[in-house]
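The UniProt record's numbering numbers the first residue of the sequence shown as 1 and each following residue consecutively. Cβ atoms here follow ideal geometry from the backbone N, Cα and C, with glycine treated the same way. On a predicted model such as this, the values are computed, not experimentally measured, just so you know. Structure, as structure tokens:
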Amino acid sequence: MNPTMSFTVLRRLASPAKAAVQRLSVSQSSPFNTKATALVAPSKVTRPLIPTARVSFAQTLSPSFWARQQGYSTESKGDSKETFVNQDDKSSVNVIDGKLHLRWIDGVTSRFHSFWLRDHCHCPECYHSVTKQRLVNTFNIPRDIKPKSITLGSEGIKVIWDNDNHESNYSYHWLQRHSYDPKIMDPYKPEGAAKITWDNSIASNLPEVAYKDVMETDKGLAEWLNNIHIYGFSYVSGVPVSTEATEALSRRITFIRETHYGGFWDFTSDLGHGDTAYTDIPLGAHTDTTYFTDPVGLQMFHLLYHDGEGGHNLLVDGFHCAKVLKEKYPQSYKTLSEIGVPSHSAGDKATHIIPSPRRNPILNHDSVTNELVQIRFNNDDRSTLDHLDPDQVGAFYSALFDWNKVLTDEKNMLWTKFQPGRVLIFDNWRCLHGRSGFTGKRRMCGTYTNWDDYRSRWRTLNNSADQLAEEL
Ligand SMILES: [Fe+2]
Ligand SMILES: [Zn+2]
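Listed below in structure tokens is the structure:
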């Protein structure tokens with residue numbers, strides 16, 4: 001997502017002196033041989049097997065990958081295979097200290113615990129191919145299980161286990177994708193399609209799709225969701241100016257997220273709910289529902305009617321701002337990634353919502369890859385900061401000021417005017433939104449969508465079933 005995230009490559013090399021090498025029968029035949037196709041020469045292998053640093057997927061992805069993500073065919077599609085392992089060299093695979101060592105063609109060796117491999121067997125007995133659920137009883141596998149034999153095939157390895165002669169097959173692609181010692185970044189990871197961060201220069205080329213295309217074709221829907229994936233937002237033009245059409249558009253992605261504000265909203269500035277969204281005052285850049293354990297994923301807005309002035313819409317790319325913050329104020333970035341912020345929603349009489357955990361950082365990262373995955377920021381919904389150590393108070397406010405400086409930098413603020421017939425949808429885990437004050441009567445409608453369900457829809461429309469199955 002962001003080029004600045006670091007990625008740790010773990011290497012726990014076994015000491016050759018201490019390692020007990022188990023004798024194995026390694027043969028060249030394999031159940032995978034029947035599927036073998038022409039191999040490309042190692043020099044043509046373009047994907048980096050071992051990254052030393054996490055860089056943006058936009059930088060690492062090959063054009064063919066990007067094309068495949070888009071659903072387009074590529075020149076090499078179907079007529080070439082990557083070489084993973086030198087099958088002719090029996091020393092490519094070994095069992096040392098209970099771990100299977102597999103040496104890739106680039107010389108790097110992945111180590112897998114025998115128990116881990118047996119536990120991840122994907123044969124029909126151990127894994128349900130339709131439900132994608134584990135069938136093997138993990139707790140019946142001997143903790144000291146070892147391979148009795150390993151066969152190197154053209155596409156993967158076959159392992160016969162010592163306790164019951166069970167046969168497991170693992171494709172090289174899957175083994176590399178899930179290698180944990182060392183971790184090997186896989187540029188084919190579906191989540192890794194290039195995201196493009198932006199400042200307000202994007203105004204000249206706003207991502208937009210036509211309502212008709214979204215409603216009538218899966219290609220149109222995929223393109224719409226891909227816009228949201230890449231830019232964090234997208235417009236939809238030519239939408240009938242009605243609540244029915246807007247709701248149908250939202251449901252094209254998935255079901256609507258119901259909250260204490262209801263399901264489908266149709267609101268005016270009459271303080272219908274105890275929240276500033278239901279007023280006409282200006283709102284600074286924020287993400288919604290920071291007070292939920294699981295903040296809403298997408299927000300959709302459609303202006304149905306406005307007879308006054310103002311009410312411009314503000315959109316800020318939180319991922320772009322995080323990148324700027326990290327470059328300009330690295331200590332503040334660290335602070336906002338570490339210090340949790342409590343929040344609440346308690347404006348309606350029967351509502352007192354607080355998240356669990358109670359406090360969440362403004363910048364949230366994947367704990368393994370350290371990728372930035374979520375911005376949670378609404379200064380208005382912040383609860384009392386009574387959990388900070390005394391020396392954190394100053395640091396937190398300094399970081400908050402730096403963050404605010406970046407968010408309110410004019411360069412980073414995209415101001416647009418809502419128009420009936422033109423729907424805006426954006427990723428609430430990435431983009432912050434706000435608005436200028438307005439006069440007159442204004443009627444808006446829209447929805448929230450769950451993050452997980454939106455991502456699921458994006459994945460299934462933009463990746464092959466094989467690619468997705470391999471992720472698991
Ligand atoms: Fe909001
Ligand atoms: Zn099995």
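| request: Report yes or no: do three or more beta-carbon pairs, one from the stretch 192–207 and one from the stretch 166–182, lie closer than 8 Å? | output: no
| Is any heavy atom in ligand 2 found nearer than 7 Å to the beta carbon of H166? | yes
| Can you pull the DSSP bridge partners for S237? | A210
| message | So, for W458: in the same chain, excluding its five sequence neighbours on each side, which residues have a beta-carbon less than 6 Å away from its beta-carbon? | response | L225, H229
| said: Starting from V324, trace the beta strand (DSSP E) in both directions and tell me its first and last residue. | reply: Premise fails: V324 lies in the alpha helix (DSSP H), 318–328, not in any beta strand (DSSP E).
| said: Given 7 Å as the limit, tell me if H433 has its C-beta closer than that to any heavy atom belonging to ligand 1. | reply: yes
| Comparing the CB of A277 with every heavy atom of ligand 1, is any distance shorter than 7 Å? | yes
| query | At a cut-off of 7 Å, is V130 close to ligand 2 when judged by its beta-carbon and the heavy atoms of the ligand? | reply | no
| C-alpha gap between A465 and H352, whole angstroms | 42 Å
| field | T138 (DSSP reduced to helix, strand or coil) | value | helix
| query | With distances taken between CB atoms, is the gap from R103 to S114 smaller than 8 Å? | reply | no
| Mind checking whether L221 and R252 have CB atoms under 8 Å apart? | yes
| request: Using beta-carbon positions only, say whether L336 and L363 come within less than 8 Å of one another. | output: yes
| Residue range of the unbroken beta strand (DSSP E) whose run includes E167 | 167–171
| message | So, for I141: in the same chain, excluding its five sequence neighbours on each side, which residues have a beta-carbon less than 7 Å away from its beta-carbon? | response | F115, R118, D119
| said: Less than 7 Å separating the Cβ of V136 from some heavy atom of ligand 2? | reply: yes
| request: Can you have a look at N205 and say buried or exposed, based on whether 16 or more other CB atoms are within 10 angstroms of its CB? | output: exposed
| message | For the stretch 317–337 against the stretch 398–408, do three or more pairs of beta-carbon atoms, one drawn from each stretch, fall closer than 8 Å, so that the two count as touching? | response | yes
| Alpha-carbon spacing of G437 relative to R111, whole angstroms | 59 Å
| query | With respect to 7 Å, is the separation between the Cβ of D288 and the closest non-hydrogen atom of ligand 1 below this value? | reply | yes
| message | Between S234, K132, I184, K146, which has its C-alpha nearest E167's C-alpha? | response | K146
| query | What is the C-beta distance between I354 and W429, in whole angstroms, given that I count them as a contact (C-beta under 8 Å)? | reply | Wrong, their Cβ atoms sit about 19 Å apart, outside the cutoff.
| request: Could you tell me whether the Cβ atoms of L385 and F319 are closer together than 8 Å? | output: no
| field | Classification of F441 by the beta-carbon crowding that lies within 10 angstroms, buried from 16 upward | value | Sequence check: residue 441 is Lys here, not Phe. K441 should be labelled exposed.
| In terms of alpha-carbon separation, which member of C121, S129, C126 lies closest to I157? | C121
| Same chain, Cβ closer than 6 Å to R257, five either side skipped, listed in chain order | V296, Y448, T449, N450
| Mind checking whether the beta-carbon of residue 491 lies closer than 7 Å to any heavy atom of ligand 2? | Only positions 1 to 472 of the chain appear in the structure, and residue 491 is not among them; the question remains open.
| message | To the nearest angstrom, how far is the alpha carbon of S234 from that of E208? | response | 5 Å
| said: Considering just the uninterrupted stretch of the alpha helix (DSSP H) at V393, what are its terminal residues? | reply: 390–407
| task | Rank N370, R382, S129 by C-alpha distance to the C-alpha of T287 and give the top, closest one. | result | R382
| message | Assuming F264 and E247 are in contact, meaning their beta carbons sit under 8 Å apart, how far apart are those beta carbons, in whole angstroms? | response | 5 Å
| query | What's the gap between the Cα of D270 and the Cα of Y333? | reply | 38 Å
| said: Out of Y454, H302, H101, which one is the CA nearest neighbour of Y180? | reply: H101
| What's the C-alpha gap between D162 and K99? | 14 Å
| said: Using a Cβ-based criterion (distance less than 7 Å to any ligand heavy atom), does residue 478 qualify as near ligand 2? | reply: Since the displayed the chain opens at 1 and closes at 472, residue 478 lies outside it and no answer follows.
| query | Helix, strand or coil: how does DSSP classify L461 here? | reply | helix
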